[in-house]
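Protein chains in written order, with the numbering used here: chain A, 524 to 1056; chain B, -8 to 260.
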C-alpha cells in the first residue's frame, strides 16, 4: 500500500513538473502600444518586442554567447565577399496556421522588404548599392540570395527579418516564431499564444515554447510596473534604473541582475553646424579640437558613475562598450579627470582663466548651454555635476531641459542649441553605427548630413567605415573599426561619458532566464522561458 | 490654543520672511556646492537635514527653495487674483450680455489645452535666459493662466451683492457706478479674494514642480520648493530618507500660518 502511494506521489510530481514546464502565462510590461504588427515596418520598441516573440527568422543571434545560430535555416554560407548567401532550410517547417514554410516564402519575404513602396526599416540594412536583389530557389528547402554590392555583417542582418507566408490572407498573418498574436486591446494588453507548429524542440525532445501564453501589459508608469513586479503580477522588468535596482536588491537580492556595461553610452556633443544660429565665438570654441578635449578632461566620469549611477556604470572611452569583446578597441582609455590638463589645453589655444571665469582669445567669457530631454532625473543630475566640473575651469554652463519633440526639432532641424547630452544605443556590429559616423549620416550628431566631410579626419572616418562595411573578414574590419574608435577618441566630436550597466529584475518564478547584455536582455531565449505555478 | 496657533503662525512667517530677505543668515553653505563623498547623508551637525543625491546641503536648498517659491508664488497668486477680480467683478457688476460674454470667454479659456501652449513657450524661449529670468517667466505664465476659475467665483459673489440690502442702501444715498463698486462691494469681497489667494499659493508651487517635468520650471542648480518636492515622487524616499518630506511640511505650515493670521484679522474686524 505504501509503495503504491509512493508511486502515485512520484507520478503526480512528474506530471506536475511536466505541466509546470509546458504551461503558464509569461507576463511583462510594454511601455507603449505597439505601432504596428507588421514585422517589416517595426520602428518602435513595443513593436520590436512583439516581433521578437512572434517572428521566425533564418538565423538568430544568441544574445548570451553573441554568436549566430541556425534557426529556420539549418545552415548558411556567405560568399563573394558578402554579396551572396546560400540557405538550407530545416525540413518540415510550418507556419502557425499549419501552412508549410518553404524557400519560396523566404524569397517572397526578401522581395517584400526590399520593395521601395514598403519603406521597410529592416530592408534598409540590406540595401548595399544600386541594383536589384536576386533570389534563386533551387529546391523547396534551398535558396540563394544575391545582392548588387557587399552587405556588411550579412548573416547578422537576417536576425531581424521575420519570414512571412506568401499565401497569407488579410488579417493577422501566420507566423513562424514561438508565439502568435491572439488578442490586442489598445492601451491595455497584447496577448500572445503558443505556436503549436513551432519548429524547435528542447534537448529532452519536449515541444517548445514552454509558456502557453505571453501577456504584455501596456504600462507607461514605471512605479506601477515595479509595484506589479513586487506583487508577482509580472515576471520581469527589462530596464532598471539604479535607484530601483538598489531598492529591489535590498528587498530580494536574488531577483536583480547587473550584466555589466551595456552597449549604450551617454555622450555630450557640441553643435558644429556652420549655419547654426548661435554666436560666432561659440562656433569657434566648438570647432576647436583642444576645447572639446579640455571639456572631456574636465568632466569627472568616475564621480558620475558613482554618484548618479550608484556604481552601475563605467566611464566610456569611445563608441564601443567594453562588453562588446569582439569590436572594443582595448587600447583606448577614458579621459581621466584632470582640470589642470584641461586648462593647459585651453591655454594652448589662447584661452585664459581670470578669477572664476574663462575667457577666449578675443576676451569673451566662455559660457554655453547644454540641453537634454526633460523628466529624466539621471540626465539632469549628470548635467548638474558637469556644470560644477566645468565651473572649476571657469566655464559657466546653463542647463536646459526640453520635451523630446522640441529637443529633436532643435538638434536635427533648426540647430538652435549649443551642446546636447543624450544616450546613444550601440549595436553589436560596427555597421549598426554607419549612420552615426558617416559624415553624410542623419545621426552624425554634431553636424548631420554634411555635404562633404568638413575635416580631414571626418573624411578618413568615412573611408574607414566604408572599408569595414565592404569586408567580410572580421580581422580586416576590426583594423578599420579600431582606427575609427581611435580617431573619434582623439578628435572628440562627442564627449563619451559613461556606459550604463544593463540591469534587470527577474522573478524567481521565471525559470531558464539568463539575462544578457544585448536586447532583449531577459527574454532573448523566449521559447525556453517557463513560469512556475 | 488660538493664542498658541497665532504665535506659531507669526514665528513661521517671520522665518519665511527671513529666508526670503536674508537666506545667508540661516545658512552656512552654498545651495549648489556638491559634496560628492557625502551623498544622501543623514542629518548631522554639519548638514542639519542631511544631503541630497548630489551631496548638496538639504537645509540650505530648503531655505533658498522656499525663498524662490514663496516670493514668486505670492506674486503669481496676486496677479491671478487681481485679474480674476477685474474680470469677474466687471461681469458680475454689469450683468446681462457682458456677463454672458465674459462667462463664455472664461469657459473657453479653461477648455484650452494650456499644456501645449506652455510646451510651445518653452520651445520658443532662447537658451541664453538666466535661471532667474526663466523662473520669473514661469511664474508670470502661471499667474496669467490661473485667473479663470477664481473669476467665476468672484462673478457669482459680486452678482449676489448687486441685489443686497447694503448696495441698495448705498444706491439710495446716491452712490453709483465704479465708486459704489470700489467703496461698497470690493471691501466685502475681501474674504473671497483672500481665500482664492491662499488656495492658489500651494497650487502655483506644485504647478511649478509639474512644469519642471516639461522643462519649464526652475533650472538646476537653483532650488525651488517644487523641485524639492519632485523627489517625493519616488515612494522609496519616504522609507529611506523621511526628512526629505520637510519641503512639503514647510509649504503646508506657511500656507496654514498665512490663513490663520488672516482669519484672526477677519475675526477681529
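Note that CB positions come from ideal geometry on N, CA and C, so glycine has one too.
- Spatial neighbours of residue 197 (chain B) in its own chain (CB-CB distance under 8 Å, excluding positions within 5 residues in sequence) are listed in chain order as 217 and 220.
- Closest in C-alpha terms to residue 214 (chain B), from the list B:187, B:200 and B:41, comes B:200.
- Taking 7 Å as the cut-off, the beta carbon of residue 722 (chain A) is found no closer than this to the beta carbon of residue 612 (chain A).
- Two segments are said to touch when three or more pairs of C-beta atoms, one from each, lie closer than 8 Å; by this definition the stretch 700 to 712 of chain A does not touch the stretch 974 to 988 of chain A.
- Take residue 926 (chain A), set aside five residues on each side of it, and the residues of its chain with a beta-carbon closer than 7 Å to its own are 897, in chain order.
- In this model, residue 183 (chain B) and residue 252 (chain B) are separated by some 15 Å (Cα to Cα).
- If you draw a straight line from the Cα of residue 811 (chain A) to the Cα of residue 890 (chain A), it comes to about 15 Å.
- Using a Cβ-Cβ distance cut-off of 8 Å, the stretch 618 to 625 of chain A and the stretch 635 to 654 of chain A are not in contact, since fewer than three pairs of beta carbons, one from each stretch, lie closer than that value.
- Partner residues in the beta bridge of residue 551 (chain A), as assigned by DSSP, are A:739.
- Around the beta carbon of residue 238 (chain B), a 10 Å sphere encloses 16 or more other beta carbons of the protein chains shown; the residue is thus reported as buried.
- Not flagged as an interface residue toward chain B: residue 880 (chain A), since no C-beta distance is shorter than 7 Å.
- Residue 941 (chain A) sits buried, since 16 or more C-beta atoms from the chains shown fall within 10 Å of its C-beta.
- Look at residue 25 (chain B): its C-beta is under 7 Å from a C-beta on chain A.
- Burial is judged here by how many other beta carbons sit within 10 angstroms of a residue's own beta carbon; residue 614 (chain A) has fewer than 16 and is exposed.
- Listed in chain order, the non-local C-beta contacts of residue 871 (chain A) below 7 Å within the same chain comprise 813, local neighbours out to five positions each way being set aside.
- Using a CB distance cut-off of 7 Å, residue 193 (chain B) does not count as an interface residue toward chain A.
- Within the stretch 7 to 34 of chain B, 23, 24, 25, 27 and 30 place their CB atoms closer than 9 Å to a CB of chain A, listed in sequence order.
- The closest CA to that of residue 1023 (chain A), considering only A:1014, A:997 and A:946, is found on A:946.
- Counting C-beta atoms within 10 angstroms of its own C-beta, residue 95 (chain B) has fewer than 16 neighbours from the protein chains shown and is therefore classed as exposed.
- Rounded to whole angstroms, the separation of the alpha carbons of residue 989 (chain A) and residue 1015 (chain A) is 21 Å.
- Think of a sphere of 8 Å around the beta carbon of residue 45 (chain B): the chain A residues whose beta carbon falls inside it are 830, 904, 907 and 908, in chain order.
- Interface with chain A (7 Å Cβ-Cβ cutoff): residue 118 (chain B) is included.
- When DSSP states are grouped into helix, strand and coil, residue 727 (chain A) belongs to the coil group.
- With respect to residue 716 (chain A), residue 736 (chain A) sits close: the two C-beta atoms are nearer than 7 Å.
- Excluding sequence positions up to five before and after residue 681 (chain A), its CB lies within less than 7 Å of the CB of 580, 581 and 582, all in the same chain and listed in chain order.
- Look at residue 1026 (chain A) here: in three-state DSSP terms it is strand.
- Ranking A:728, A:757, A:746 and A:752 by CA distance to the CA of residue 739 (chain A) puts A:757 first.
- For residue 219 (chain B), the nearest beta carbon of chain A is not closer than 7 Å to its own beta carbon.
- For the set B:48, B:66 and B:186, the Cα lying nearest the Cα of residue 35 (chain B) is the one of B:48.
- Taking CB atoms only, residue 892 (chain A) has a neighbour in chain B less than 7 Å away.
- Check the Cα spacing between residue 655 (chain A) and each of A:850, A:696 and A:633: the tightest is with A:633.
- Here the C-alpha atom of residue 550 (chain A) lies approximately 12 Å from the C-alpha atom of residue 1049 (chain A).
- Listed as beta-bridge partners of residue 668 (chain A) by DSSP are A:608 and A:658.
- A Cβ-Cβ distance of about 4 Å is found for the pair residue 32 (chain B) and residue 42 (chain B), placing them in contact under the 8 Å criterion.
- Rounded to whole angstroms, residue 777 (chain A) and residue 911 (chain A) show a C-alpha spacing of 37 Å.
- Contact with chain A is found for residue 114 (chain B), since one of that chain's Cβ atoms lies less than 7 Å from the residue's Cβ.
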